[in-house]
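Student:
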Amino acid sequence: MIYKVYYQENALEVPVRENTQCLYLEAVDEREVRQKLKDRNYNIEFIQLLEGNYLEYEQASEHFHVEKL
144 MIYKVYYQEN
154 ALEVPVRENT
164 QCLYLEAVDE
174 REVRQKLKDR
184 NYNIEFIQLL
194 EGNYLEYEQA
204 SEHFHVEKL
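Sequential numbering from 144 applies to the sequence shown in the working numbering.
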């Protein structure tokens, strides 16, 4: 399954909406996503499962790139 992760790059700073970034990961569940990202110093805001029409919409974006971890 493909997950979209919204995060801030530095977990020690106060989250600011304008600094929110996103990445796409393939994982079995949300727990695996968190395990894959635990070595990075990210403040994870939200993890969203992409499926159906929403996945197709995201795949059509030029910014869609599934990270290999």
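Backbone N, C-alpha and C define an ideal beta-carbon position, used for all residues, glycine too. Source: prediction; values computed, not measured.
Please state whether the Cβ-Cβ distance between Tyr149 and Phe189 is less than 9 Å.
Tutor: yes
Student: Can you give the Cα-Cα distance for Lys211 and Asp172, rounded to whole angstroms?
Tutor: 16 Å
Student: May I ask you to list the residues that DSSP assigns as paired with Tyr150?
Tutor: Gln164, Ile187
Student: My guess is that Tyr167 and Lys181 are in contact by the Cβ rule of under 8 Å, so how many angstroms apart are they, rounded?
Tutor: The pair is not a contact, with the Cβ atoms about 18 Å apart (cut-off 8 Å).
Student: Taking Cβ positions, are Ile187 and Glu169 nearer each other than 9 Å?
Tutor: no
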